[in-house]
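Student: Attaching a single structure in structure tokens format; questions to follow.
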Amino acid sequence: MTAPTIAKSPTPPTASAPVEISRHVTGEGTVLWLRCTCGRLRMVSTPDSPLGTPLVAGGSTPGCPDCP
Ligand SMILES: [Zn+2]
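The opening position of the sequence shown corresponds to residue 1442 in the working numbering, with each subsequent residue numbered one higher.
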């Protein structure tokens, strides 16, 4: 008579996006430190000026979809 209860497991935290470690606002823009899903540390510098080009440093891991 009693329907079987199906335990609803909570959605596991997805590791499908780089994690922000720290953020620094400088005179030229914002510097972000990210931990990629592959474990690599990456620095992303985003200038305040819309004419500026975001700078990414830290290299990339072959096969990692999140590395630039
Ligand atoms: Zn990566």
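Note that the Cβ used here is the ideal one computed from N, Cα and C, for glycine as well.
For clarity, every value in this text was computed on a predicted model and none was experimentally measured.
Does the beta-carbon of V1489, which I'm using as the reference point, lie nearer than 7 Å to any heavy atom of ligand 1?
Tutor: For clarity, residue 1489 is Asp in the given sequence; the question names Val instead. Result no, Cβ not under 7 Å from ligand 1.
Student: Check R1481 in the structure and name its three-state DSSP category.
Tutor: DSSP places R1481 outside both helix and strand once states are collapsed to three, so it counts as coil.
Student: Going by DSSP, what residues sit across from A1498 in a beta bridge?
Tutor: M1484
Student: Check whether the Cβ of R1464 sits closer than 7 Å to any heavy atom of ligand 1, and report yes or no.
Tutor: Taking 7 Å as the cut-off, the C-beta of R1464 does not count as close to any heavy atom of ligand 1.
Student: Closer than 7 Å: is that where the CB of R1476 sits relative to any heavy atom of ligand 1?
Tutor: no
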